[in-house]
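Worksheet for the structure shown next.
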Amino acid sequence: MDADKLARLKAYMHAEDEEDGLLCSLYEAAVTYLSGAGISDTPARASLYELAAFGLTLGYYDEMRRTDQDNPRVEENPALRRIINQLKLGEPGVL
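Here the sequence shown stands for residues 1 to 95, numbered as in full-length UniProt numbering.
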């Protein structure tokens with residue numbers, strides 16, 4: 001992720017500087033999720049794509065914090081459950 005995109009993501013999330021590595025990882029997960037869902041980043045839709053990726057990143061971040069603090073059960077983390085379901089659907093021989 002380039003520095004400009006990271007700065008926009010941090011502004012969107014109101015994030016702190018010491019979390020750059022985590023934010024980049026969560027953003028990459030969001031981009032991978034969108035790709036797995038058949039959504040690609042095209043110049044015509046770049047701003048909408050970025051908003052979707054930023055929104056997913058924020059959702060992953062918030063859910064991670066909530067799960068860590070209030071509910072350590074992975075089964076009850078809807079963001080993680082969606083990712084796992086998408087990974088299962090992409091596996092040969094599943095379903």
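Ideal Cβ placement from N, Cα and C applies to all residues, glycine included.
When DSSP labels each residue in this structure, what does D62 get in the three-state scheme?
Here D62 sits in helix by DSSP.
Could you check the C-alpha separation between Y33 and G90 for me, to the nearest Å?
About 11 Å.
Kindly indicate which three-state DSSP category D41 falls into: helix, strand or coil?
Coil, per DSSP.
Would you say F54 faces chain D, with C-beta separation under 8 Å as the test?
Any reference to chain D falls outside this structure, which holds one protein chain only.
At what residues does the alpha helix (DSSP H) containing M13 begin and finish?
Counting along the chain, the alpha helix (DSSP H) containing M13 begins and ends at 3-13.
If you follow the alpha helix (DSSP H) that D20 is part of, which residue opens it and which one closes it?
Unbroken alpha helix (DSSP H) run through D20: 20-36.
Between G21 and L51, what straight-line distance do the alpha-carbon atoms span, to the nearest angstrom?
Near 20 Å, if we compare the C-alpha coordinates of L51 and G21.
Consult DSSP for E16 and reduce its assignment to one of helix, strand or coil.
Coil.
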